[in-house]
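Asks: Please find one structure pasted underneath; my questions will follow.
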Amino acid sequence: MKSSSEQYLKYLAALSLSVAAPAVAQPALPQVEAERRPAMERCVSENLQSLAASIEMDEQVPGAAGWPESTHVGRLAQLPNVKRAETNTSLTWLMEDVLLELRAS
Amino acid sequence: MSQAVHRRMDFVVKVSKFCNLRCRYCYEYESLGNREAMSREQLRQLYRHIEAWRAQVDARDQQRTELGFIWHGGEPLLLEPGFYWDTLQDQKEIFGEDVPRKNVLQTNLTVLDEERIELLRRGFDVVGVSVDVFGGLRVNVAGKDLQPQTLKNMERLRERGVPFSTITVLTRANIGRLRHIYDFFSRAGIDFRLLPLFDGAFEGQHRSFDMSTQDILKAFQELVDLWLEKDGFLKVYPTLEQIQTVLRFIKGNAAPVYYNKREWLPVLLVNTNGDCFTYGDPYEDPEWCVGNLFTTPLVDLFAGERFAKSALAAERRIAQNCLSCPYFGACSGYPIAEEHYNFKEKRPDGGRTCVVERNLFAYIEKRIRAQQELLTDERVEAAFREQPAA
């Protein structure tokens, strides 16, 4: 960990003591259970694999290791070439199709 | 200094509040009839103040900063294209060719002619289109839903080879249709960002379509499920950023990330009159204006008491929420520091509570770990494996 990060964490810790309510574990809201959907696991694997690979690529960017930590905020790794959906579909037609599916469901 | 871009700062430029729509949830609702716009000279002054700051911090840090200008309104395409060509030319003059910058335009895309198509194609790096797919809240002054017009114009952009992504505002009016919204964008091959409703412009504006924090959490959970399950890799935000955070957490040895607003502010909103606000603070509240970028150098703005107050408030939120959070370091703390959808949940002392990300990250982790075979998949292992030094 970089020394600037250590100093920042110490500062935050001191700040947490100075406010009215100390840092406490947050109450968890009821969660939607994660369901297993075996038929979908191939896609899960492919999508996650692509994203995981993008993180690895991202950390190979020259100079990245020296970036101030805060500059990582909101930064998504450069994504590798990924399979894209067909893009020549009429959007108006597609909207009507989605509405039909919705009414049928 | 290398030519690689090391960091980025975005300026959300509220070039004019004037709009041809009256989207029922718009936080600018009461200003949408105001034709006032930033002038060319005000923008030139804005660029000069930004460039003076950029040159200083890049020289100091030996880093290279990319500047982002996100043109926002109102409806920015109601201004004449010549206005943008002029100001883009001014950018070239003031920043020069070597300062990396991107111009993004966020539009309702209901007003589009040949001149504007050419402007979007050649003048801007990224076009963002606002489209909710369901809900019927994006209406004109007469109350007519103009989404069909937006869809037609999206088709025109595609025909002309102008790439764009979309922003979908999440409300109670479309929260039950997430699967169909995802299907629509997935089949169209269009990236999208799901943006929970901002606070309204006046009391009661959102009465019929407001959401609780738990509604937002559940919607993000559903979006994670859809992204994981659907065939084809679609760029869906903030889902990709959220899953990436959890992958970094699971990986364990990734460099920690801590949001430090004083060290680097990733985005600053510049209002039509030049007043600036950061995202974690109450918008247009004079008490939280960090300075005016038409009249004040950015260097002075960051050194001012107003910005120090804003930074301290963000640090308190991080200190109160993140130090006990297992995901801190993989998550930078930015969501509780700045994201608007965490504004509603309050601690007993009045401070904000991180509900959305804290619970969402746990959900994503559970979802990923539930698939043990995935975690041992050699392809994923290979992706996580440290690469040998070049």
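Those protein sequence lines, which keep their order, are chains A and B. Under the working numbering, the residue at position 105 of the first sequence is numbered 105, and the numbers go up by one with no gaps. Under the working numbering, the residue at position 66 of the second sequence is numbered 66, and the numbers go up by one with no gaps. All C-beta atoms in this analysis are idealised placements derived from N, C-alpha and C, irrespective of residue type, glycine included. As the structure is a prediction and not an experimental result, all values here were calculated from the model.
Whose C-alpha, out of L21(B), A52(B) and Q42(B), is nearest the C-alpha of D145(B)?
Replies: Taking the second sequence and counting its residues from 1, the one referred to as residue 145(B) is at position 145. Of the listed residues, the one whose Cα sits closest to D145(B) is L21(B).
Asks: Have a look at R8(B), R7(B), R44(B) and V5(B) and flag the residue whose alpha-carbon is nearest the alpha-carbon of V15(B).
Replies: For the purposes of this step, residue 15(B) is taken as residue 15 along the second sequence, with counting starting at 1. Checked all of R8(B), R7(B), R44(B) and V5(B); the closest Cα to V15(B) is R44(B).
Asks: Helix, strand or coil: which one does DSSP assign to M9(B)?
Replies: Numbered from 1 along the second sequence, position 9 holds the residue referred to as residue 9(B). DSSP places M9(B) in strand when its eight states are reduced to three.
Asks: Is the Cβ-Cβ distance between F11(B) and V356(B) less than 8 Å?
Replies: Position 11 of the second sequence, counting from 1, holds the residue named residue 11(B). Position 356 of the second sequence, counting from 1, holds the residue named residue 356(B). Going by C-beta atoms, F11(B) is not nearer than 8 Å to V356(B).
Asks: Does the beta carbon of I175(B) come closer than 8 Å to any beta carbon on chain A?
Replies: As a position in the second sequence, residue 175(B) is number 175, starting the count at 1. Not a single C-beta of chain A is nearer than 8 Å to the C-beta of I175(B).
Asks: So if DSSP puts L195(B) in a beta bridge, which residue, or which two residues, is it bridged to?
Replies: Counting from one through the second sequence, the residue named residue 195(B) turns up at place 195. L195(B) is bridged to V169(B).
Asks: With a Cβ-Cβ cutoff of 8 Å, do H206(B) and Y279(B) count as a contact?
Replies: Stepping through the second sequence from its first residue, residue 206(B) is reached at position 206. Stepping through the second sequence from its first residue, residue 279(B) is reached at position 279. No, the pair does not count as a contact, with Cβ atoms beyond the cut-off.
Asks: Assign A330(B) to buried or exposed, taking buried as 16 or more other Cβ atoms, counted over all protein chains shown, within 10 Å of its Cβ.
Replies: Sequence index remark: in the second sequence, residue 330(B) carries index 330 (1-based). The residue is buried, with at least 16 neighbouring Cβ atoms inside 10 Å.
Asks: For Q214(B), which residues of its own chain have a beta-carbon under 6 Å away from its beta-carbon, when the five flanking residues on both sides are left out?
Replies: What you label residue 214(B) is simply residue 214 of the second sequence in a count that begins at 1. Answer for Q214(B): no residue qualifies.
Asks: Between the alpha carbons of E155(B) and F134(B), how many angstroms are there, rounded?
Replies: Taking the first residue of the second sequence as position 1, residue 155(B) is located at position 155. Taking the first residue of the second sequence as position 1, residue 134(B) is located at position 134. Using only the alpha carbons, I get a separation of about 18 Å.
Asks: Establish whether the CB of L100(A) and some CB of chain B are separated by less than 8 Å.
Replies: In the first sequence, counting from the first residue as 1, residue 100(A) sits at position 100. Taking Cβ atoms only, chain B never reaches closer than 8 Å to L100(A), which makes this a no.
Asks: Could you give the uninterrupted runs of the beta strand (DSSP E) lying entirely in the region 216-257 of chain B, keeping only those of 3 residues or more?
Replies: Along the region 216-257 of chain B, the beta strand (DSSP E) does not occur as any fully enclosed run of 3 or more residues.
Asks: Classify D183(B) as helix, strand or coil using the three-state DSSP reduction.
Replies: In the second sequence, counting from the first residue as 1, residue 183(B) sits at position 183. It is helical.
Asks: In chain B, which residues lie less than 9 Å from A13(A) when you measure between Cβ atoms?
Replies: Taking the first sequence and counting its residues from 1, the one referred to as residue 13(A) is at position 13. Result: A319 and L323.
Asks: DSSP has E114(B) in a bridge; who is on the other side?
Replies: Taking the first residue of the second sequence as position 1, residue 114(B) is located at position 114. In DSSP, E114(B) forms no bridge with anything.
Asks: On the three-pair Cβ rule with 8 Å, is the region 87-97 of chain B touching the region 107-116 of chain B?
Replies: no
Asks: Is there a Cβ from chain D that is less than 8 Å from the Cβ of A52(A)?
Replies: Note that chain D does not occur in the displayed structure, where the protein chains are A and B.
Asks: Would you verify that the beta carbon of Q106(B) is, or is not, closer than 8 Å to some beta carbon of chain A?
Replies: Position 106 of the second sequence, counted from the start, is the residue given in the question as residue 106(B). Cβ-Cβ to chain A under 8 Å: no for Q106(B).
Asks: Measuring only the C-alpha atoms, how far is C289(B) from D58(B)?
Replies: In the second sequence, the residue the question calls residue 289(B) occupies position 289. In the second sequence, the residue the question calls residue 58(B) occupies position 58. If you take the alpha carbons of C289(B) and D58(B), they lie about 25 Å apart.
Asks: How many Å lie between A13(A) and L323(B) at the Cα?
Replies: Here residue 13(A) corresponds to residue number 13 of the first sequence, with the count starting at 1. Here residue 323(B) corresponds to residue number 323 of the second sequence, with the count starting at 1. Between A13(A) and L323(B), the C-alpha separation is close to 7 Å.
Asks: In its own chain, which residues sit with a C-beta less than 8 Å from the C-beta of S310(B), not counting the 5 before and 5 after it?
Replies: The residue given as residue 310(B) occupies position 310 in the second sequence. Cβ within range, chain order: K261, T278, G280, D281, W288 and V290.
Asks: Indicate whether T89(A) and R187(B) have their beta-carbon atoms separated by less than 8 Å.
Replies: As a position in the first sequence, residue 89(A) is number 89, starting the count at 1. As a position in the second sequence, residue 187(B) is number 187, starting the count at 1. In this structure, R187(B) lies closer than 8 Å to T89(A) by Cβ.
Asks: Quick test of the definition: if touching needs 3 or more C-beta pairs under 8 Å, does the region 174-194 of chain B touch the region 210-230 of chain B?
Replies: yes
Asks: Strictly under 8 Å for the Cβ-Cβ distance: is Y258(B) near chain A by that measure?
Replies: As a first step, residue 258(B) must be located in the second sequence, where it is residue number 258. With a threshold of 8 Å between beta carbons, Y258(B) makes contact with chain A.
Asks: Just to confirm, are Y327(B) and Y259(B) a CB contact at a threshold of 8 Å?
Replies: Residue numbering aside, residue 327(B) sits at position 327 when the second sequence is read from its first letter. Residue numbering aside, residue 259(B) sits at position 259 when the second sequence is read from its first letter. It is not a contact, given that the beta carbons lie outside the stated cut-off.
Asks: Touching or not, the region 17-37 of chain B and the region 77-85 of chain B, by the rule of three or more beta carbon pairs under 8 Å?
Replies: Segments in contact, yes.
Asks: Taking the continuous alpha helix (DSSP H) assigned at Q91(B), which residues delimit it?
Replies: To locate residue 91(B), count along the second sequence from 1; it is residue 91. Counting along the chain, the alpha helix (DSSP H) containing Q91(B) begins and ends at P81 to F95.
Asks: Quick check on C26(B): does DSSP put it in helix, strand or coil?
Replies: In the second sequence, residue 26(B) corresponds to position 26, counting from 1. Three-state result, C26(B): coil.
Asks: Taking F164(B) as part of the alpha helix (DSSP H), name the residues at either end of that continuous run.
Replies: Here the question's residue 164(B) lines up with position 164 in the second sequence. Careful: F164(B) lies outside any alpha helix (DSSP H) and carries neither H nor E.
Asks: Checking 8 Å against the spacing of the C-beta atoms, do V13(B) and W85(B) come in under that value?
Replies: The residue labelled residue 13(B) in the question sits at position 13 within the second sequence. The residue labelled residue 85(B) in the question sits at position 85 within the second sequence. The answer is no: Cβ separation not under 8 Å.
Asks: Taking only runs that begin and end inside the region 332-370 of chain B, name each unbroken alpha helix (DSSP H) of 4 or more residues, in chain order.
Replies: 334-338 and 356-369
Asks: Establish whether the CB of H72(B) and some CB of chain A are separated by less than 8 Å.
Replies: Here residue 72(B) corresponds to residue number 72 of the second sequence, with the count starting at 1. No - not a single Cβ of chain A is within 8 Å of the one on H72(B).
Asks: Please determine, among P196(B), F192(B), G161(B) and H180(B), the residue with the shortest C-alpha to C-alpha distance to T171(B).
Replies: Within the second sequence, numbered from 1, the residue matching residue 171(B) stands at position 171. T171(B) has its Cα closest to that of P196(B), out of P196(B), F192(B), G161(B) and H180(B).
Asks: When the cut-off is 8 Å and only beta carbons count, does P81(B) lie next to chain A?
Replies: Taking the second sequence and counting its residues from 1, one reaches residue 81(B) at position 81. Closer than 8 Å: no.
Asks: Tell me L268(B)'s beta-bridge partners as DSSP assigns them.
Replies: As a first step, residue 268(B) is located in the second sequence; it is residue number 268 there, counting from the start. L268(B) is bridged to F11(B).
Asks: DSSP state of A52(A), grouped into three classes?
Replies: In the first sequence, the residue the question calls residue 52(A) occupies position 52. In the structure shown, A52(A) sits in a helix (DSSP, three-state: H, G or I).
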